[in-house]
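What follows is one structure encoded as structure tokens, with my remarks underneath.
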Amino acid sequence: MSGDLPEAYDDEKGPLRRCAVTREQGQPSLMIRFVVSPSGVVVPDLDARLPGRGIWLSARRDVIEQARKRGVFARAARCQVTVPEDLSAQVEAGLLRRMVELLGLARRAGQSISGFMKVREWVAQRRAAVIVHASDGSGDELGRLMSGARDLPVVEALSTEDLAKVFGRERVVNAALAAGVLASRLCCENKRFSGVADGGSRVRRTFPADGCEQAGQ
Numbered sequence: 001m002s003g004d005l006p007e008a009y010d011d012e013k014g015p016l017r018r019c020a021v022t023r024e025q026g027q028p029s030l031m032i033r034f035v036v037s038p039s040g041v042v043v044p045d046l047d048a049r050l051p052g053r054g055i056w057l058s059a060r061r062d063v064i065e066q067a068r069k070r071g072v073f074a075r076a077a078r079c080q081v082t083v084p085e086d087l088s089a090q091v092e093a094g095l096l097r098r099m100v101e102l103l104g105l106a107r108r109a110g111q112s113i114s115g116f117m118k119v120r121e122w123v124a125q126r127r128a129a130v131i132v133h134a135s136d137g138s139g140d141e142l143g144r145l146m147s148g149a150r151d152l153p154v155v156e157a158l159s160t161e162d163l164a165k166v167f168g169r170e171r172v173v174n175a176a177l178a179a180g181v182l183a184s185r186l187c188c189e190n191k192r193f194s195g196v197a198d199g200g201s202r203v204r205r206t207f208p209a210d211g212c213e214q215a216g217q
């Protein structure tokens, strides 16, 4: 871990971004950008589009907490800032919301289906690029769903209630996405969420390291 940031610190040049805490470089889509609002408050910029100097962190809850407690944001911004105590929770909630929105976009675009039998059919036909299984669903059911399947990315961040709202049904446990940009983005958001989430039923199982790329093919 690094202490003070170097004088020449610049986190937004080139294809990679450097974490202000660990000093490790990473892909922007798998990191978290923060900016300082006009009122001097540090806010998450999960879309990486807000104006102002970006402060990038690895998508890990412990890294965000270190940045919050050790004055990293003030040093990177070169000014006094207010860092909300619930900053990690804000990021977690925002990423969860983004996953729900992406799944909704996929459904409206005809790129996602729900229901055990439909998902199982997509898996068998190799039409599924990503499986979404409810965080409060059954592990045994997921095992049956994936039986004999290729190594598909599995997202287990959303609850049955979250999925039901997306698909307009009373209860949804399983869904699948076809290959494409939305599937790839969902995997990337799941990776970020997995690093930031505060345990409990929201902790996801690990899926292939190349899940983002695989889902887009």
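Under the UniProt record's numbering, the first residue of the sequence shown is numbered 1, with each subsequent residue one higher. Beta carbons are placed, not taken as given, at the ideal position from N, Cα and C, and that holds for glycine. Bear in mind the structure is a predicted one, so any value in this text is a computation, not a measurement.
Measuring CA to CA, which of the options is closest to residue i?
| i | options | result |
| --- | --- | --- |
| Ala77 | Ile113, Ile55, Glu170 and Arg107 | Ile55 |
| Glu92 | His133, Arg107, Val123 and Ala59 | Ala59 |
| Val39 | Ala20, Gly71 and Thr82 | Reading off the sequence shown, one finds Ser at residue 39, where the question assumed Val. Per the Cα distances, Thr82. |
| Met99 | Arg127, Val21 and Ala175 | Ala175 |
| Val41 | Glu65, Glu85, Gly180 and Ile131 | Glu85 |
| Leu16 | Leu46, Leu57, Val63 and Arg127 | Leu57 |
| residue 231 | Cys79, Asp62, Val63 and Arg70 | Past the edges of the chain, shown from 1 to 217, lies residue 231, and the structure says nothing about it. |
| Val172 | Arg127, Gly115, Ser184 and Ala124 | Gly115 |
| Ala89 | Ile113, Trp122 and Pro44 | Pro44 |
| Lys165 | Leu105, Val36 and Asp47 | Leu105 |
| Gly137 | Phe167, Leu158 and Met146 | Leu158 |
| Gln66 | Val21, Ala48 and Arg75 | Val21 |
| Gly148 | Phe73, Ala179 and Arg120 | Arg120 |
| Arg150 | Ile64, Gln125 and Ala48 | Gln125 |
| Arg127 | Ala74, Glu170, Leu152 and Gly71 | Leu152 |
| Leu74 | Ser37, Arg61, Asp62 and Ala48 | Looking at the sequence provided, one finds Ala at residue 74 rather than Leu. Selected option, being the one with the closest Cα: Ser37. |
| Gly168 | Ile64, Asp62, Ile113 and Val63 | Ile113 |
| Val35 | Cys188, Arg61 and Val72 | Val72 |
Report yes if the CB atom of residue i is closer than 8 Å to the CB atom of residue j, and no otherwise.
| i | j | result |
| --- | --- | --- |
| Arg68 | Leu87 | yes |
| Leu182 | Leu102 | yes |
| Leu177 | Ala129 | yes |
| Gly154 | Leu186 | Checking the sequence shown, residue 154 turns out to be Val, not Gly. No, the pair does not count as a contact, with Cβ atoms beyond the cut-off. |
| Ala197 | Thr160 | no |
| Arg33 | Gln25 | no |
| Met117 | Ile131 | no |
| Gln111 | Gly180 | yes |
Throw me the rounded Cβ distance for the residue i and residue j pair, which I believe falls under 8 Å.
| i | j | result |
| --- | --- | --- |
| Gly94 | Leu50 | With 8 Å as the limit, Gly94 and Leu50 do not qualify as a contact, their Cβ atoms being about 13 Å apart. |
Strictly under 8 Å for the Cβ-Cβ distance: is residue i near chain B by that measure?
| i | result |
| --- | --- |
| Val81 | Going by chain labels, chain B is absent from the structure shown, which holds only one protein chain. |
Please confirm if the segment 184–194 is in contact with the segment 17–32, defined as three or more CB-CB distances below 8 Å between the two stretches.
yes
Complete runs of the alpha helix (DSSP H) confined to the segment 108–178 [at least 4 residues]
Segments of the alpha helix (DSSP H) lying fully in the segment 108–178: 116–124, 139–146 and 160–167.
(Q) As an exercise, report each continuous alpha helix (DSSP H) stretch of at least 4 residues that is fully enclosed by the segment 54–91, in chain order. (A) Listed in chain order, the complete alpha helix (DSSP H) runs (minimum 4 residues) inside the segment 54–91 are 61–69 and 72–77.
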